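Chains as they are written, first to last, in the working numbering: chain A, 1 to 384; chain B, 1 to 114. Every residue gets a Cβ at the ideal spot worked out from N, C-alpha and C, and that includes glycine. In this text, all values refer to a predicted model and were calculated from it rather than measured experimentally.
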């Protein structure tokens, strides 16, 4: 009797086919290639020029004479690969007197670092951050503690205890991470505005951005997915000048230029101590995808750039300060309506679907017993 | 010191990968010149030391913590960029590259992106 089995109990694996490529640089054609980027070979010189060229192109696309009315530029800095590279490129390409053009003139560059004092080793990280920014004498460093989100909110206890309560009352690990990132983003935007900046640069590369985009969709933030690339809040335009560069070329550029990444992050456990969050799972997926199918990551970013939300909403979510669908376009979960009515200070119509889900996680087993959410100060007052 | 049985190799770390190796960025090692068979027997014993063997040797002799942040199976995990004498290991045959004396091999983590 014929059998369809392949090789008995042995696992049939297709051997990886090694592509035969020209070792010459795709740009200059002459030099020996140093880096393979999405199927193309670049020499060291051309790769570095490509990084700078992409950065400047993104800057020119997003900062136009019509949108640039301030002499203050804000740069978000976490100490990671993208934002560290961003500092270097800003210093080299935008601030250096020999490189300044009429189009971009900033008298002040403020580097903003949001840190979490509750994390062990935060003081050591801050020392490294200060040392890193000190290498750029013309930059001003502004340190913003994450618990500032709750300062002046009228809560009992210190802002640090309010931040702890905010996290503790989150229904899931994913919600905790989402909430923390939301606080970080809003603090960057608010601090940029208080410094008088009209533009805030963020250090997300194509790889990081694709992770954020997919995570956003998974978390219910698809309506404002375009805001992950570029957004405007309180008169501050935030965007990612490294959006066309993958993590590989960023890492190679940083290494060849001796740009040091703050290395406390790699072994830092996630806030909840596990890797089960949607964000971490997405990161693992994208990282694996980038290794085997690198062009797919680029496709994710480009495809998401084409997504346009249906309808035009003028309402803003009180918590994340992004546009939200009208109540007629979505239905709040019964759990959220009950919890909000019973415990919170905000009516449900002031929260977008994603923030509502983050606070209640209606599918969670603990939805019925969800503790009352604690809101940051900007959600309690109108100060934008 | 190199001998017929070892090769002098310089290993460097970047992007935070050094934290997994005692927070030391640069290491000079004497790598055995012949490699044992791999666990899955895909590569035979006695072959010249290659990158696959180097990674396994590093795991046994240098890695201090969180093995899963550096290694996946018999290769580095996704998110680790490997440069062999400043050249992408994907252009040099990845794990099959036969290590030469005085080679400089760099492992750069790209896992903390933002």
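CB contact below 8 Å: residue i versus chain B
i, result
"residue 34 (chain A)", "yes"
"residue 247 (chain A)", "yes"
"residue 261 (chain A)", "yes"
"residue 380 (chain A)", "no"
"residue 270 (chain A)", "Caution is warranted here: a pLDDT of 45 is assigned to residue 270 (chain A), below 50, making its placement in the model unreliable, and the coordinate value is therefore given only provisionally. Not an interface residue."
"residue 91 (chain A)", "no"
"residue 41 (chain A)", "yes"
"residue 29 (chain A)", "no"
"residue 151 (chain A)", "no"
"residue 38 (chain A)", "no"
"residue 287 (chain A)", "yes"
"residue 273 (chain A)", "The pLDDT assigned to residue 273 (chain A) is 42, lower than 50, so where the model puts this residue is not dependable; a value taken from the coordinates is nonetheless given after this. Cβ-Cβ to chain B under 8 Å: no for residue 273 (chain A)."
Span separating the alpha-carbon of residue i from that of residue j
i, j, result
"residue 62 (chain B)", "residue 56 (chain B)", "10 Å"
"residue 379 (chain A)", "residue 109 (chain B)", "37 Å"
"residue 64 (chain B)", "residue 214 (chain A)", "33 Å"
"residue 271 (chain A)", "residue 307 (chain A)", "Its pLDDT being 40, under 50, residue 271 (chain A) is placed unreliably in this model, and the coordinates cannot settle the point."
"residue 246 (chain A)", "residue 36 (chain B)", "36 Å"
"residue 113 (chain A)", "residue 53 (chain A)", "26 Å"
"residue 322 (chain A)", "residue 73 (chain A)", "22 Å"
"residue 71 (chain A)", "residue 87 (chain A)", "17 Å"
"residue 309 (chain A)", "residue 13 (chain B)", "43 Å"
"residue 225 (chain A)", "residue 243 (chain A)", "15 Å"
"residue 204 (chain A)", "residue 111 (chain B)", "12 Å"
"residue 10 (chain B)", "residue 116 (chain A)", "37 Å"
Neighbour flag for residue i against chain A, beta carbons, 8 Å
i, result
"residue 106 (chain B)", "yes"
"residue 67 (chain B)", "no"
"residue 50 (chain B)", "no"
"residue 112 (chain B)", "yes"
"residue 86 (chain B)", "yes"
"residue 73 (chain B)", "no"
"residue 63 (chain B)", "no"
"residue 22 (chain B)", "no"
"residue 91 (chain B)", "yes"
"residue 36 (chain B)", "no"
"residue 95 (chain B)", "no"
"residue 54 (chain B)", "no"
"residue 81 (chain B)", "yes"
"residue 78 (chain B)", "yes"
"residue 101 (chain B)", "no"
Secondary structure of residue i, DSSP reduced to three states
i, result
"residue 306 (chain A)", "coil"
"residue 6 (chain B)", "strand"
"residue 86 (chain B)", "coil"
"residue 409 (chain A)", "No information on residue 409 (chain A) is available, as it lies outside the stretch 1 to 384 that chain A covers here."
"residue 101 (chain B)", "coil"
"residue 244 (chain A)", "coil"
"residue 230 (chain A)", "strand"
"residue 125 (chain A)", "helix"
"residue 24 (chain B)", "coil"
"residue 79 (chain B)", "coil"
"residue 316 (chain A)", "strand"
"residue 193 (chain A)", "helix"
"residue 374 (chain A)", "coil"
"residue 31 (chain B)", "strand"
"residue 186 (chain A)", "helix"
"residue 221 (chain A)", "coil"
"residue 181 (chain A)", "helix"
"residue 66 (chain B)", "coil"
Cβ of residue i within 8 Å of any chain D Cβ
i, result
"residue 80 (chain A)", "Included in the structure are the protein chains A and B, with no chain D among them."
According to DSSP, residues forming a beta bridge with residue i
i, result
"residue 284 (chain A)", "Answer by DSSP bridge pairing: none, since residue 284 (chain A) is not bridged."
"residue 76 (chain A)", "A:112"
"residue 108 (chain B)", "B:14 and B:81"
"residue 238 (chain A)", "A:200 and A:231"
"residue 139 (chain A)", "A:109"
"residue 144 (chain A)", "A:114"
"residue 72 (chain B)", "B:75"
"residue 37 (chain A)", "A:40"
"residue 32 (chain A)", "A:24"
"residue 350 (chain A)", "Answer is none; residue 350 (chain A) lacks a bridge partner."
"residue 50 (chain B)", "B:98"
Check: residue i C-beta below 7 Å from any heavy atom of the ligand PLP
i, result
"residue 23 (chain A)", "Of the ligands one can find in the structure shown there are none, so the ligand PLP has no counterpart to examine."
The region 4-20 of chain B: positions lying closer than 8 Å to chain A by Cβ = Cβ contacts with chain A: 14, 15, 16, 17, 18, 19 and 20.
Check distances from the C-beta atoms of the region 212-246 of chain A to those of chain B and list, in chain order, the residues that come in under 7 Å.
-> Legend: CB atoms of the region 212-246 of chain A lying less than 7 Å from CB atoms of chain B are not found in any residue.
The region 127-145 of chain A: positions lying closer than 8 Å to chain B by Cβ | Those would be none; no residue qualifies.
Residues of the region 157-188 of chain A whose Cβ lies closer than 9 Å to any Cβ of chain B, in chain order | Taking 9 Å as the Cβ-Cβ cut-off against chain B, none of the residues of the region 157-188 of chain A qualify.
Which residues, taken in chain order from the region 291-312 of chain A, show a beta carbon closer than 7 Å to some beta carbon of chain B?
-> Taking 7 Å as the Cβ-Cβ cut-off, the region 291-312 of chain A approaches chain B at 291, given in chain order.
Residues of the region 43-67 of chain A with Cβ closer than 9 Å to any Cβ of chain B, in chain order | For the region 43-67 of chain A, which is checked against every Cβ of chain B, the residues closer than 9 Å are 44.
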